[in-house]
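Below is one structure, written out as structure tokens; the observations come after it.
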Amino acid sequence: MRIKRTLSLAALSLALTASFSTAAVFADAPTNAPKSHDVSPNLESRPFDEVFYYPVGWGIQKVITNHKTEDGYVGTIIMVSYEIKDGIVAVRYQGTVYK
453 MRIKRTLSLA ALSLALTASF STAAVFADAP TNAPKSHDVS PNLESRPFDE
503 VFYYPVGWGI QKVITNHKTE DGYVGTIIMV SYEIKDGIVA VRYQGTVYK
């Protein structure tokens, strides 16, 4: 009885050791995460601050992604404030846009 217990504990120990060492091998595998040198250093950026006007009752987005400016910049802008007056909603958006 004691021999069976010793053999089963040894087999379990060996199995656990093998599973941990296999996990360690996979943990060292390279990832496809972008490196800092993959990002173009030539991107131009500028702050964006503008007010858009909507009629009352329209759905107003809190965040606008891929907003394109007239001069070719693109970026994500966020609603920072709004004001309702005479049936018009004035919404101020701010963010950074890139070219």
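Going letter by letter, the sequence shown gives residues 453 to 551 in the working numbering.
From the three backbone atoms N, C-alpha and C, an ideal C-beta is built for every residue, glycine too.
Residue i to residue j span [Cα, whole Å]
i: residue 533; j: residue 514; result: 10 Å
i: residue 518; j: residue 538; result: 30 Å
i: residue 525; j: residue 496; result: 9 Å
i: residue 549; j: residue 516; result: 12 Å
i: residue 510; j: residue 545; result: 16 Å
i: residue 498; j: residue 508; result: 30 Å
Per DSSP, the bridge partner or partners of residue i
i: residue 512; result: DSSP lists no partner for residue 512.
i: residue 543; result: 504, 534
i: residue 438; result: With the chain represented from 453 up to 551, any question about residue 438 goes unanswered, as that position is not in the structure.
Backbone secondary structure at residue i - three-state DSSP
i: residue 496; result: coil
Buried or exposed by the 16-neighbour rule on C-beta atoms within 10 Å, applied to residue i
i: residue 529; result: buried
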